[in-house]
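Participant:
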Amino acid sequence: MNQVSFISVLSQFESSTLWGWHFLVPSTIAAQFVNGKDRRVICTINEIKLHCALMPNKETWFIMINQGVQKKLGVALNSEISVLIEKDTSKYGMPIPEEFQEVLLQDPDADRYFHKLTPGKQRSLLYIIGKVKNSESRIRKSLAIADHLTANKGEIDYKMLNEALKEYNRM
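Just so you know, the sequence shown maps onto residues 2 to 172 in my numbering.
1. In the DSSP output, which residue or residues are listed as bridge partners for residue 1?
2. Just the Cα atoms here: how many angstroms apart are residue 109 and residue 101?
3. I'd like the list of long-range same chain contacts for residue 165, defined as Cβ closer than 6 angstroms, with 5 residues on each side in sequence excluded.
4. What separation, rounded to the nearest whole angstrom, lies between the Cα atoms of residue 140 and residue 81?
5. Under three-state DSSP, which class holds residue 1?
6. Output yes if chain C places a C-beta closer than 9 angstroms to the C-beta of residue 89; else output no.
7. What are the boundary residues of the alpha helix (DSSP H) that includes residue 161?
8. Under 8 angstroms by Cβ, that's how I've got residue 143 and residue 130 pegged, so tell me the actual separation to the nearest angstrom.
9. Can you find the residues in the same chain that come closer than 7 angstroms, C-beta to C-beta, to residue 87, ignoring five residues on each side of it along the sequence?
10. Terminal residues of the continuous beta strand (DSSP E) containing residue 9?
11. Go ahead and label residue 10 buried or exposed: buried means 16 or more other beta carbons lie within 10 angstroms of its beta carbon, across all protein chains shown.
12. How big is the Cα-Cα spacing for residue 25 and residue 7?
13. Given a cut-off of 9 angstroms on the beta-carbon distance, is the pair residue 49 and residue 22 in contact?
14. Report the rounded CA-to-CA distance for residue 34 versus residue 172, giving the unit in angstroms.
15. State buried or exposed for residue 78, treating a residue as buried only when at least 16 other CB atoms are found within 10 Å of its CB.
16. In whole angstroms, what is the alpha-carbon distance linking residue 127 and residue 53?
Right, dumping it as structure tokens:
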């Protein structure tokens with residue numbers, strides 16, 4: 002799949018407190034990267050690379066920008082941004098932290114439960130681990146998630162998981 006460059010504007014949905022900053026992707030460009038339910042792409046915005054998803058909105062498409070990315074970009078609302086978009090062909094739709102990969106290699110039950118989760122739940126767990134910069138913290142989060150998956154036979158109880166993550170952080 003090829004890459005496509007375009008200019009967009011950082012916007013904010015006016016009618017929603019849930020949805021924050023985003024930018025529009027022209028339908029002609031989005032159509033090149035959407036394949037059924039697979040809408041995962043890699044965007045490079047002002048030199049910052051992100052794994053993200055194309056989201057439909059009436060006649061057009063958009064990509065959400067979270068608060069952390071907003072800060073990294075260092076641009077204001079309604080600013081023009083330079084976007085390079087390409088198909089995300091990675092296994093999970095985002096990088097897997099090597100610490101979690103190692104935990105899964107050593108814990109076949111956690112590996113089996115993790116791979117039975119929906120792709121969205123897998124990405125959520127990978128995000129929880131990957132957003133931490135410190136390797137030691139990523140190891141603790143990886144172990145907490147693996148133990149949670151095994152103890153709950155592959156079911157995620159986010160309240161319990163959050164408590165487990167706090168407990169592992171105190172270790």
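Every residue, glycine too, gets a C-beta built ideally from N, C-alpha and C.
Computed from a predicted structure; not experimentally measured.
Facilitator: Taking the coordinates as given:
1. Because the chain is modelled from 2 through 172, residue 1 falls outside the range shown and cannot be assessed.
2. Stepping through the sequence shown from its first residue, residue 109 is reached at position 108. Stepping through the sequence shown from its first residue, residue 101 is reached at position 100. Inter-residue distance for residue 109 and residue 101 is about 12 angstroms (C-alpha atoms, whole angstroms).
3. Taking the sequence shown and counting its residues from 1, the one referred to as residue 165 is at position 164. Cβ within range, chain order: 145, 149.
4. Residue mapping note: residue 140 aligns to position 139 of the sequence shown, counting from 1. Residue mapping note: residue 81 aligns to position 80 of the sequence shown, counting from 1. Between residue 140 and residue 81, the C-alpha separation is close to 38 angstroms.
5. It is not possible to answer for residue 1, since the shown part of the chain is limited to 2 through 172.
6. No chain C appears in this structure, which consists of one protein chain only.
7. Counting from one through the sequence shown, the residue named residue 161 turns up at place 160. Residue 161 -> alpha helix (DSSP H) spans 159-170.
8. Mapped onto the sequence shown, residue 143 falls at position 142. Mapped onto the sequence shown, residue 130 falls at position 129. 6 angstroms between Cβ atoms; contact.
9. Position 86 of the sequence shown, counting from 1, holds the residue named residue 87. Excluding residues within five positions, the ones whose Cβ falls inside 7 angstroms are 2, 4, 42, 43.
10. Position 8 of the sequence shown, counted from the first residue, corresponds to residue 9. Counting along the chain, the beta strand (DSSP E) containing residue 9 begins and ends at 5-13.
11. Working through the sequence shown from its first residue, we reach residue 10 at position 9. The Cβ neighbour count for residue 10, taken over all protein chains shown within 10 Å, is under 16; the residue is labelled exposed.
12. Within the sequence shown, the letter at position 24 stands for residue 25. Within the sequence shown, the letter at position 6 stands for residue 7. Going from the Cα of residue 25 to the Cα of residue 7 covers about 10 angstroms.
13. Start at 1 with the first residue of the sequence shown, and residue 49 comes out as number 48. Start at 1 with the first residue of the sequence shown, and residue 22 comes out as number 21. For residue 49 and residue 22, no; Cβs fall outside 9 angstroms.
14. As a first step, residue 34 is located in the sequence shown; it is residue number 33 there, counting from the start. As a first step, residue 172 is located in the sequence shown; it is residue number 171 there, counting from the start. About 43 angstroms.
15. In the sequence shown, the residue the question calls residue 78 occupies position 77. By the C-beta density criterion, residue 78 is exposed, having fewer than 16 other C-beta atoms within 10 angstroms.
16. If you number the sequence shown from 1, residue 127 lands on position 126. If you number the sequence shown from 1, residue 53 lands on position 52. Going from the Cα of residue 127 to the Cα of residue 53 covers about 13 angstroms.
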